[in-house]
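Report on the structure given below.
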Amino acid sequence: MVGHVDPKNGYFIGPWGDLGCPTPQRIASYSLSPNRQRPLAGTAHAAFFNTFRRFRHQVLYVAPPFIIAYAAMNWAIEKYALTLSYVDCLQSFVNELVTNVRFLTLRNHYLNSKPGRLAEGGGEE
1 MVGHVDPKNG YFIGPWGDLG CPTPQRIASY SLSPNRQRPL AGTAHAAFFN
51 TFRRFRHQVL YVAPPFIIAY AAMNWAIEKY ALTLSYVDCL QSFVNELVTN
101 VRFLTLRNHY LNSKPGRLAE GGGEE
């Protein structure tokens with residue numbers, strides 16, 4: 001261990017900023033001139049093949065949920081379209097019925113009026 005044993009606080013590893021670590025020796029650092037570097041070397045080649053590799057590895061995780069969602073939406077749209085056609089048919093029937101009821105109501109008003117009775121031959125007064 002570094003430092004000596006302090007009976008009250010444990011190990012003393014040195015004052016702040018000098019925590020008992022020896023300074024590193026013989027560290028080699030290398031550098032390359034900015035004029036000699038090629039930062040985009042092989043980028044286009046690697047981008048194409050890396051994209052293909054990533055797509056190939058992820059397609060089985062991504063595609064099935066999208067296929068299931070598409071099938072569910074397609075099913076729901078077809079079912080709703082069928083229901084909508086039933087609703088349209090029912091609505092047209094109700095509209096026709098309402099039109100006929102209005103016509104009969106107006107016809108009854110006409111037949112019960114004086115000109116209607118005279119026109120239809122109901123000469124009774």
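Each residue of the sequence shown is one higher than the one before, starting from 1 at the first, in the UniProt record's numbering.
Ideal Cβ placement from N, Cα and C applies to all residues, glycine included.
Tell me whether residue 30 sits in a helix, a strand or coil according to DSSP, three-state version. coil
Residue 1 by DSSP, collapsed to three states: which one? A caution first: residue 1 carries a pLDDT of 47, below 50, which makes its placement in the model too unreliable to give a value.
Segments of 3+ residues assigned as beta strand (DSSP E) that fall wholly inside the segment 58 to 96: none
Hey, quick one: how far does the alpha helix (DSSP H) through residue 119 stretch, first residue to last? Where residue 119 is concerned, the enclosing alpha helix (DSSP H) stretches over 114 to 119.
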